[in-house]
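In the numbering used here, the protein residues as written are 1270 to 1923. We treat Cβ as the ideally placed atom computed from N, Cα and C, and that holds for glycine. Here is the structure we will look at.
Following this line, the structure appears as structure tokens:
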């Protein structure tokens, strides 16, 4: 069994497990940080970015590259449609993948790149919220980029990376970056997804039983358990032991695994999510009191639901309950509506509200009372009429390279009373703000990441007690800003890996389950060969289909018994008469029988643990070892056969 690591982004994993000819992909995360190398895409042409000077390398300048790179605020950006870094496709052809198991909606954004236009014929499995919310993310991404199209795509700069300044010079696999997929590709990839529920069992071509269990991280997020009759592999990705709105993590299903693969730990290990949530509420309140507006770049689902609830209550407590809140996203309406019909995927506290009856999320109440308003875009009908300041705006994209957030930065950036508050940890906020400098509005970094931190991960691993722990190498090294933060399990066997590596998982199949028909089972005649040990022969035809082994009756035996007594014996009759020897050889008994059969001048040699019989007259040596016997005969071939038969008579048979 092998594990392929196809992604260098620990928060957006993509792995492949190969076993008995089967290829299972675990997640297909998309690395979006590459978009930070590109200029933002405003809804209307920006004088600032359209008048930027071209960047010209100090040597080997190619005039055809003019206009592709722009010098902005001391950094070089690509003036083109943003591009994304895909999972590595040279390690294994995507068309050869049999099954894709998705753990949460944040880890499926590369799905259209993998399933569309690649020859992919496999199957994809995910929970219902993962599928539906993943659809929101993908559709929003496509809409944001297509609504602000670029005239052309820059490509020549990728040939001159060695001449470019950092960070472009360090771009990883830049030639493999791809522009955004189409909405048709999104629909095609999602049509291949089969919905599963928690604890539902899936037979993967007879090799594994796959079961999704709650991971506690976000709506519908799951860890996957791959089990056979003899092995158990657990894939833990994007998990949380904190109490928020999703259903809590199911730890019992993950215990005592032969192999535990763990990834997706927090991207903000040095901060407490609750502390940062409090800081966000405080900074928003201070901004509003200073007659400023707050911009919170966000995704269309996830933590934003908790932000609506916490921030609204905080503003009410601060006497600022009349401040309008706007949620702007191409999928805002669908996201808000869908979140309130997911009772079975929520925590018990949220589920109980459904049976009162009440809305599990308070944003439904805020929408009815106009405390929270949602729009597709800033240019959507009705927004300009309802918009008033000071206010709080939630919109995308967190990278600030496309989406409505770009518009608000341009509109509010010169006012120091306004603020922008980053809550998503996917992007370094200083790099996010780089093309907008100089910026007068205040910037606050309040990353809220509820996935496992290092202390929680170490505690969880000890409780789960796996035989082998498989983790990215980076998790075993101290964090740069906190030397005590790393995965440390001195009593566990740990296997580490890096991007692009192929590692062997320590699972060696010694036994496999075989099914027999009831007809064959009735013909079993056990024979006791030792105390508590019985043997029986079984004659049939072995069939293997989808890696499931089954013994069927021989074709001859299932015919009606109309064969006359003088007919040729059936295949089963012949096989039934075959004898099978067992037990250990008594060398003294062999010597006695050889003497009875006419052999003479036999010498016994004991060297170490081996026994040897020398038949001097026949120029023959018989060597007895623990599990095998060798007849080395220099004389007639008939002598060797006679000796073989003599030795076989000294063994028991059934």
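May I have the straight-line CA-CA distance separating residue i from residue j, to the nearest angstrom?
i	j	result
residue 1315	residue 1322	14 Å
residue 1645	residue 1774	47 Å
residue 1516	residue 1922	59 Å
residue 1441	residue 1450	20 Å
residue 1889	residue 1901	6 Å
residue 1273	residue 1763	16 Å
residue 1862	residue 1905	20 Å
residue 1585	residue 1542	22 Å
residue 1885	residue 1850	28 Å
residue 1700	residue 1275	25 Å
residue 1829	residue 1461	Low confidence applies here, because residue 1829 scores a pLDDT of 47, under 50, leaving its location unreliable; read the following figure in that light. Residue 1829 and residue 1461: Cα-Cα distance of roughly 47 Å.
residue 1536	residue 1707	27 Å
residue 1390	residue 1293	13 Å
residue 1927	residue 1568	Only positions 1270 to 1923 of the chain appear in this structure, which leaves residue 1927 out of reach.
residue 1635	residue 1540	30 Å
residue 1909	residue 1821	37 Å
residue 1686	residue 1562	7 Å
residue 1680	residue 1553	18 Å
residue 1281	residue 1530	15 Å
residue 1288	residue 1407	31 Å
residue 1684	residue 1285	49 Å
residue 1692	residue 1533	17 Å
Do you know whose CA, among the options, lies nearest residue i's CA?
i	options	result
residue 1741	1732, 1597 and 1757	1757
residue 1605	1570, 1680, 1444 and 1391	1570
residue 1892	1511, 1860, 1555 and 1748	1860
residue 1721	1712, 1744 and 1737	1744
residue 1650	1599, 1692 and 1349	1599
residue 1291	1585, 1401, 1363 and 1508	1363
residue 1399	1351, 1864, 1595 and 1380	1380
residue 1677	1378, 1324, 1735 and 1312	1312
residue 1915	1872, 1895 and 1857	1857
residue 1524	1752, 1732 and 1802	1732
residue 1467	1488, 1455, 1420 and 1454	1488
residue 1555	1688, 1640 and 1663	1688
residue 1324	1428, 1546 and 1335	1335
residue 1509	1789, 1484 and 1882	1484
residue 1333	1429, 1772 and 1723	1429
Since residue i and residue j are thought to touch, with beta carbons under 8 Å apart, how far apart are those beta carbons, to the nearest angstrom?
i	j	result
residue 1308	residue 1339	6 Å
residue 1298	residue 1329	In fact, because the Cβ distance is near 36 Å, the residues do not count as touching under 8 Å.
residue 1372	residue 1491	6 Å
residue 1384	residue 1465	No, residue 1384 and residue 1465 are not in contact; Cβ-Cβ is about 17 Å, not under 8 Å.
residue 1422	residue 1448	6 Å
residue 1661	residue 1669	Not confirmed; about 17 Å, so no contact.
residue 1493	residue 1295	7 Å
residue 1761	residue 1730	7 Å
residue 1755	residue 1767	Rounded, the Cβ-Cβ distance is 16 Å, inconsistent with contact.
residue 1665	residue 1672	4 Å
Reducing DSSP to helix, strand and coil, say where residue i ends up.
i	result
residue 1918	helix
residue 1768	coil
residue 1603	helix
residue 1712	strand
residue 1614	helix
residue 1882	strand
residue 1756	coil
residue 1797	strand
residue 1465	strand
residue 1925	The displayed coordinates of the chain run from 1270 to 1923. Any statement about residue 1925 would go beyond what the structure contains.
residue 1911	helix
residue 1666	coil
residue 1850	strand
residue 1472	strand
residue 1892	strand
residue 1775	coil
residue 1812	strand
residue 1688	strand
Over what stretch of residues does the beta strand (DSSP E) that includes residue i continue unbroken?
i	result
residue 1496	1491-1496
residue 1531	1528-1532
residue 1478	1477-1483
residue 1294	1291-1295
residue 1874	1871-1876
In terms of residue numbering, what span does the alpha helix (DSSP H) encompassing residue i cover?
i	result
residue 1545	1542-1558
residue 1723	1723-1733
residue 1284	Not the alpha helix (DSSP H): residue 1284 falls in the beta strand (DSSP E), residues 1284-1288.
residue 1579	1572-1586
residue 1859	1856-1865
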